[in-house]
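I have placed the structure first, in the form of C-alpha cells, so that the comments after it can refer back to it.
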Amino acid sequence: MTAVLRRAAALAAVDLDRTLIYSAAAAGDAAGLQVVEHLDGAPLSYATPASWALLAELAGQALLVPVTTRTAAQYGRVRLPVVPRYALCGNGGVLLADGVRDPDWDDWATATAAEAAPLPELLGLLEAVAGEPWVKTVRAAEDLFGYLVAHRRDAIPAGWLTDTTAAASAAGATLSVQGRKVYVVPAGLSKAAGLLRLRRVLTGDGAAPRLLCAGDSLLDAPMLLAADAAVRPAHGELHEQGWTGARVAVTTATGAAAGEEIVRWLLDRV
C-alpha cells in the first residue's frame, strides 16, 4: 500500500453494528429510519438519514475506516453513503483496500491468531453448547475466530458466559457479547492492533494522523483507548459494564439516534 494520508489528516475509525447501524430491535424509537443493509432481500440494518448524510461529509474531511468484527462478505452487504478506501473486517484480521483483500495482511493476521490456542479449540468452547435450545448456530469467521448466535440475548446463561470467559482467557482469547452473538477471538487479533498497523503502513515515516474512534463493545475498547479522542454510545456491552476511558466520551442518545450523535461528534473533531 502507498501512504495516502496528508500530514494534517485525521483518521476516523468507526465500528458498524450498534455504533453506526442498527437492527430494528436495537434502533430504539428513532423515526424515519432508512434501510442500509439487506439479507436475502429482507431489510436487516437501519440508520437515520441524517447520520448517512453526515457520514458522507465526514468521509470528505477525514480518512474514514470502518472497523468491524463482520467478515468481509457480511461487511459487503452494508450500503455505506461512500465507499471507504480502506476497511478492516474480521476484528482487524482482514484489510480491504479499494474493495480488494490484501494477502500480506492475511499472513499477518494468521500469524497473530496463532499466538492463541488453535481455532478448533476456541470453537470448541462454543460448540460445547451447540445442541442447547437457546443456541441458533456456531460458526467460524475468516478462519480466525469463532462466534455463537443465540435465539435471544436474554436466553444466554450468565453462568455459561462467566465460565467461557475464563476458559477463553486461559486459551489466549477474548470473549465478547454483542446482542445475540458471543465472539471468542484471539487476544492479539484486535481492532486496535489492526488499526494501528494500518496507520503505520499508511503514514510511513510521516507524522501520524489524529486518530478518532467510535465503538460499543468489549472488542472495541482497546481501539477507543488507543485513540486521541473516542466516543461510545450510551448502550451496548461497554455501557452495560459502565466502561469508560480518559479520552472516551459517551452519547446522550441511545439506539439509532446515538449513531447520528456519534457521526456529529466525529465531524466536530476532524
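Position one of the sequence shown corresponds to residue 8 (the working numbering), numbered consecutively onward. A virtual CB, placed ideally from N, CA and C, is assigned to each residue, including glycine.
- Put simply, of GLY266, GLY252 and ALA120 the residue whose alpha carbon is nearest the alpha carbon of GLY195 is ALA120.
- When DSSP states are grouped into helix, strand and coil, LEU27 belongs to the coil group.
- In this structure, ALA123 places its C-beta atom within 7 Å of the C-beta atom of GLY179.
- Taking 3 residues as the shortest admissible run, the segment 20-91 contains the following complete beta strand (DSSP E) segments, listed from N- to C-terminal end: 41-46, 49-54 and 70-73.
- Look at SER183 here: in three-state DSSP terms it is strand.
- Taking the Cα of VAL277 as reference, the smallest distance to any Cα among VAL89, PRO229, PRO216 and LEU232 is reached at PRO216.
- Note on the segment 158-241: whole beta strand (DSSP E) runs with a minimum of 3 residues are 180-185, 188-193, 217-221 and 236-239, in chain order.
- Looking at the DSSP output, VAL255 shares a beta bridge with ALA237.
- For the pair GLY99 and LEU202, the Cα-to-Cα distance works out to about 7 Å.
- Judged by beta-carbon spacing, ASP223 lies beyond the 7 Å limit of GLY252, meaning their Cβ atoms are not closer than that value.
- Pairing THR76 with LEU226 gives a Cβ-Cβ distance under 7 Å.
- Residue pairing by DSSP places ARG108 opposite LEU103 in a beta bridge.
- Under the three-pair Cβ rule at 8 Å, the segment 81-88 does not count as touching the segment 234-250.
- Taking PRO229 as reference, the option from ARG254, ALA157, GLY213 and THR210 with the minimal CA-CA separation is ARG254.
- Secondary structure of GLY153 (DSSP, three-state): strand.
- Taking 7 Å as the cut-off, the beta carbon of VAL156 is found closer than this to the beta carbon of THR144.
- A Cβ-Cβ distance of about 5 Å is found for the pair VAL270 and LEU62, placing them in contact under the 8 Å criterion.
- A residue is called buried when at least 16 other Cβ atoms come within 10 angstroms of its Cβ; LEU168 does not meet this threshold and is exposed.
- With contact defined as three or more Cβ pairs closer than 8 Å, the segment 23-37 and the segment 255-275 are in contact.
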